[in-house]
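Undergrad: Below you'll find the structure I mean.
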RNA sequence: GGCGAUGUAGCUCAGUUGGUUAGAGCACACGGCUCAUAUCCGUGUUGUCCGGGGUUCAACUCCCUGCAUCGCCA
């Protein structure tokens, strides 16, 4: 049996974020699971590197497109090892073999008449240098440039996608697992209930040169999907390499829902046009929201996988992402949830189970796997729950329901903890007569741990390695073999390793590293957007009463006033209140200021703090106290 | 505007073809144990199952309708 699993190739106009990491961890976990099942697996990820956005991003970074894509692509390939992600292939759309492959396919499809030259009319924004869709417009204008786009027509090449619509609908209906989970299948079927348009696949070189030239017309380059999607074939050495014949028939793609249409509609029809079989399955997952806000660059709440790993460790991150998201649905990320998972599931339940078990074997069994005696009711029950769990686990993992697979696994963890209490080995150990029963208890327990180690390995490879080392077992067996009861050899030496998972403090606001440079970028998404802060968070903000002793207009600005305040030391504060207060009326007033704000220079004036005011629609009203107090009094 | 999804305990969610007192984990409270990472085990509290109407002997479950959130499409 073979398996081929891919992530999307990620567009290199930004650094890797949580969403990229999730897709890739999912694919990696699935690849490891399939390997565990004894299958011959190929796992591919990579980067998508052509297009106008790349050219723009490179320009603003002061680099050539090639330098730029090399740099960002490396950020992706470098990020994955930190997450224990091990792809077999990392493909880049700027690779020579990919370009060649795309051109060969284009030529083939062109020759057979499925690509034609035609005119395209649309709304073109000169500022953006691209066509805008009706949807993007606000009041008929480009939202970025606030200009009305021109209705212009452009000649381009089109792929006859519509020709394959009927076939695709039939294919989706005939293969219920082609697009999963089902909601996305339904969405696509609904989309396909209307006539499909043909797909524009080129851009004139007058507008874009950073792309793969069309082999039959060098005035054009390939546009987006006909370039990007083909990576899944290039990575297998299509058409001649034997990897292609081995792995393509079992191809499964993991994507996020934003690129559903290209993968569910464009790609199968492209493959059909090439005369190839479509992929087997498309696994579509949802978004990670930050708190309850979408993650986006412009909000500045992008979560960087590296930062998560540094804070929680790889396995905690992998576990959390797979355990907390129902595959297919959106989920909310927040640091408290990560800490809760880490502490309760990982440290308390699994980590402590492992720790207490090995310690006792050290103490009561001389650090060796004991022989198993006659199993009683409790022992058999635990053995049976392992077997039940394995069946569920297999099925859920197979269907990308990782959260459910993990639930099933943790049921066993919980039962094992209960098993210990029920048997109270420390009591049994007090009497020689109980020796056989004691042996049986520990054998059963260690076997359970061994099986847990096996099933946990695709999700948390490092933890599984530690557990295997502690139990003195090799972890190279397949699930079939490793899942069978009785794998541990009596007499094997047990070695208790370092604790598997540390317990974390609840307070998520450990002293933040003072990043002095990036003042524009609001960082630490958790602190920023979760709505709730701890008392300590609040304590970090030093609020004081200040008396305004001087105020003057800053000439170059119509919003800013330069205030001199006494708190009780004299400071200068620049406040954006000129439209609401005149300098005269401010003198002598007491206001509340944030006293420990990092100084900032506004319009050439250094501001040492911030004045609090309420915003009521367009009105701005300064915060004040109900009575006069000594300047500098702390507000809390 | 069209199509669809979702709305269940303080939080995150399970609830299979309608069938007794609606479940799990987390959190919280109390009790037990002492092998363990102050962990583990037990017990317990909390619900207008979004609102309204209907079908039925019986509705969280089916139908209609309203509200809210989200997705796809136009």
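In our numbering, the protein residues as written are 122 to 757. All residues carry an ideal CB built from backbone N, CA and C; glycine is no exception.
Three or more C-beta pairs closer than 8 Å, one from the stretch 236-249 and one from the stretch 193-213: is that the case here?
TA: Because the criterion of three Cβ pairs below 8 Å is not met, the stretch 236-249 and the stretch 193-213 do not touch.
Undergrad: Decide if residue 622 is buried, meaning its Cβ has at least 16 other Cβ atoms within 10 Å, or exposed.
TA: Residue mapping note: residue 622 aligns to position 501 of the first chain, counting from 1. Buried, because 16 or more other Cβ atoms sit within 10 Å of the Cβ of residue 622.
Undergrad: What are the complete beta strand (DSSP E) segments, minimum 3 residues, inside the stretch 178-239?
TA: You should have 210-213.
Undergrad: List the endpoints of the continuous alpha helix (DSSP H) containing residue 524.
TA: Position 403 of the first chain holds residue 524. Unbroken alpha helix (DSSP H) run through residue 524: 523-544.
Undergrad: If distances are taken between C-alpha atoms only, which option among 478, 744, 691, 755 comes closest to residue 618?
TA: Numbered from 1 along the first chain, position 497 holds the residue referred to as residue 618. Residue 478 is the option with its Cα nearest to residue 618.
Undergrad: Let me know the secondary structure DSSP gives residue 392 once reduced to three states.
TA: Your numbering for residue 392 matches position 271 in the first chain. The answer is helix: DSSP assigns residue 392 an H, G or I state.
Undergrad: Spatial neighbours of residue 600 within its chain, please: CB distance less than 6 Å, with the 5 preceding and 5 following residues excluded, ordered by chain position.
TA: For the purposes of this step, residue 600 is taken as residue 479 along the first chain, with counting starting at 1. If we look at residue 600 and ignore the five residues flanking it on each side, its Cβ neighbours are 157, 158.
Undergrad: Tell me the DSSP bridge mates of residue 125?
TA: Within the first chain, numbered from 1, the residue matching residue 125 stands at position 4. Its beta-bridge partners are 163, 372.
Undergrad: Which first and last residues belong to the alpha helix (DSSP H) in which residue 140 is found?
TA: Residue 140 sits at position 19 when you count from the first residue of the first chain. First-last of the alpha helix (DSSP H) with residue 140: 139-157.
Undergrad: Give every residue of the same chain whose Cβ lies closer than 8 Å to the Cβ of residue 611, excluding the five residues on either side of it in the sequence, and list them in chain order.
TA: In the first chain, residue 611 corresponds to position 490, counting from 1. Once the five neighbours on either side are set aside, the close Cβ partners of residue 611 are 489, 490, 491, 492, 493, 564.
Undergrad: Does the contact criterion of 3 or more C-beta pairs under 8 Å hold for the stretch 371-385 versus the stretch 124-136?
TA: Flag = yes, the stretch 371-385 and the stretch 124-136 touch.
Undergrad: Under 7 Å from any heavy atom of the ligand SAH, does the C-beta of residue 672 make it?
TA: The model depicted lacks the ligand SAH and carries no ligand whatsoever.
Undergrad: So, for residue 482: in the same chain, excluding its five sequence neighbours on each side, which residues have a beta-carbon less than 6 Å away from its beta-carbon?
TA: Counting from one through the first chain, the residue named residue 482 turns up at place 361. Around residue 482: 563, 615.
Undergrad: So, using beta-carbon positions, are residue 216 and residue 163 closer together than 8 Å?
TA: For the purposes of this step, residue 216 is identified with residue 95 of the first chain, where counting begins at 1. For the purposes of this step, residue 163 is identified with residue 42 of the first chain, where counting begins at 1. It is not a contact, given that the beta carbons lie outside the stated cut-off.
Undergrad: Within 10 angstroms of its Cβ, does residue 666 collect 16 or more other Cβ (buried), or is it exposed?
TA: Against the first chain, residue 666 aligns to sequence position 545. Its Cβ being crowded by 16 or more others within 10 Å, residue 666 is buried.
Undergrad: Could you pull out every residue in the same chain whose Cβ sits closer than 8 Å to the Cβ of residue 283, ignoring the five residues on either side in sequence?
TA: Against the first chain, residue 283 aligns to sequence position 162. 316, 317, 318, 319.
Undergrad: Looking at residue 331: is its Cβ nearer than 8 Å to the Cβ of residue 383?
TA: The residue labelled residue 331 in the question sits at position 210 within the first chain. The residue labelled residue 383 in the question sits at position 262 within the first chain. Taking 8 Å as the Cβ cut-off, residue 331 and residue 383 do not qualify as a contacting pair.
Undergrad: When you compare only the Cα positions, how much space is there between residue 431 and residue 598?
TA: On the first chain, position 310 is the one that residue 431 refers to. On the first chain, position 477 is the one that residue 598 refers to. Between residue 431 and residue 598, the C-alpha separation is close to 31 Å.
Undergrad: Along the beta strand (DSSP E) that carries residue 454, what are the first and last residues, could you check?
TA: For the purposes of this step, residue 454 is identified with residue 333 of the first chain, where counting begins at 1. Residue 454 -> beta strand (DSSP E) spans 452-454.
Undergrad: I need the straight-line Cα distance from residue 691 to residue 743, nearest angstrom please.
TA: In the first chain, the residue the question calls residue 691 occupies position 570. In the first chain, the residue the question calls residue 743 occupies position 622. Taking the straight line joining both Cα atoms gives about 19 Å.
Undergrad: Can you list, in chain order, the residues of its chain whose CB lies under 6 Å from that of residue 169, leaving out five sequence neighbours each side?
TA: Numbered from its first residue, the first chain carries residue 169 at position 48. Hits under 6 Å: 130, 132, 214, 349.
Undergrad: Could you spell out where the alpha helix (DSSP H) holding residue 572 opens and where it closes?
TA: Taking the first residue of the first chain as 1, we reach residue 572 at position 451. Its alpha helix (DSSP H) spans residues 556-577.
Undergrad: In whole angstroms, what separates the C-alpha of residue 403 from that of residue 289?
TA: Translated into positions along the first chain, residue 403 becomes position 282. Translated into positions along the first chain, residue 289 becomes position 168. Their backbone Cα atoms lie some 14 Å apart in a straight line.
Undergrad: Does the pairing of the stretch 222-232 with the stretch 334-344 give three or more beta-carbon distances under 8 Å?
TA: The stretch 222-232, when compared against the stretch 334-344, does touch it at the 8 Å Cβ threshold.
Undergrad: With DSSP as the reference, label residue 280 as helix, strand or coil.
TA: Counting from one through the first chain, the residue named residue 280 turns up at place 159. Reduced to three states, the DSSP call for residue 280 is strand.
Undergrad: How many angstroms separate the CA atom of residue 400 from the CA atom of residue 268?
TA: Indexing the first chain from 1 puts residue 400 at position 279. Indexing the first chain from 1 puts residue 268 at position 147. When rounded, the distance between both Cα atoms is 43 Å.
Undergrad: Among all the DSSP beta bridges, which residues are the ones paired with residue 410?
TA: Locating residue 410 in the first chain gives position 289, where the first residue counts as 1. Note: residue 410 sits in a beta bridge opposite 453.
Undergrad: Looking at residue 713: is its Cβ nearer than 8 Å to the Cβ of residue 664?
TA: Position 592 of the first chain, counting from 1, holds the residue named residue 713. Position 543 of the first chain, counting from 1, holds the residue named residue 664. Closer than 8 Å, so yes.
Undergrad: Please look up how many angstroms separate the CB atoms of residue 684 and residue 694, rounded, as I've assumed it's under 8 Å.
TA: By 1-based counting over the first chain, the position of residue 684 is 563. By 1-based counting over the first chain, the position of residue 694 is 573. About 5 Å separates the two Cβ atoms, so the contact holds.
Undergrad: Could you have a look at residue 630 and say whether DSSP puts it in helix, strand or coil?
TA: Start at 1 with the first residue of the first chain, and residue 630 comes out as number 509. Unreliable placement is indicated for residue 630, whose pLDDT of 35 sits below 50; no coordinate value is reported for it.
Undergrad: Taking all protein chains shown into account, decide if residue 150 is buried (16 or more other Cβ within 10 angstroms of its Cβ) or exposed.
TA: Here residue 150 refers to the residue found at position 29 of the first chain. Buried, since its Cβ has 16 or more Cβ neighbours within 10 Å.
Undergrad: Quick one: residues in its chain with C-beta nearer than 8 Å to the C-beta of residue 138, no 5 flanking neighbours on either side, listed in chain order?
TA: As a position in the first chain, residue 138 is number 17, starting the count at 1. Counting only Cβ-Cβ distances below 8 Å, and skipping sequence neighbours, we find 416, 423, 424, 425, 426.
Undergrad: By the three-class DSSP mapping on this structure, what secondary structure does residue 704 have?
TA: The count along the first chain starts at 1 and reaches residue 704 at position 583. Residue 704 falls in the helix class under three-state DSSP.
Undergrad: If the criterion is Cβ atoms closer than 8 Å, does the pair residue 523 and residue 475 meet it?
TA: Residue numbering aside, residue 523 sits at position 402 when the first chain is read from its first letter. Residue numbering aside, residue 475 sits at position 354 when the first chain is read from its first letter. Cβ atoms of residue 523 and residue 475: not closer than 8 Å.
Undergrad: What does the alpha-carbon distance come out to for the pair residue 791 and residue 609?
TA: Lying outside 122 to 757, the shown extent of the chain, residue 791 is not represented and no answer is given.
Undergrad: Apart from the five residues on each side of it in sequence, which residues of its chain come closer than 6 Å, Cβ to Cβ, to residue 637?
TA: For the purposes of this step, residue 637 is taken as the residue at position 516 of the first chain. Confidence at residue 637 is low in this model, with a pLDDT of 23, below 50, so its placement is unreliable and no value can be given for it.
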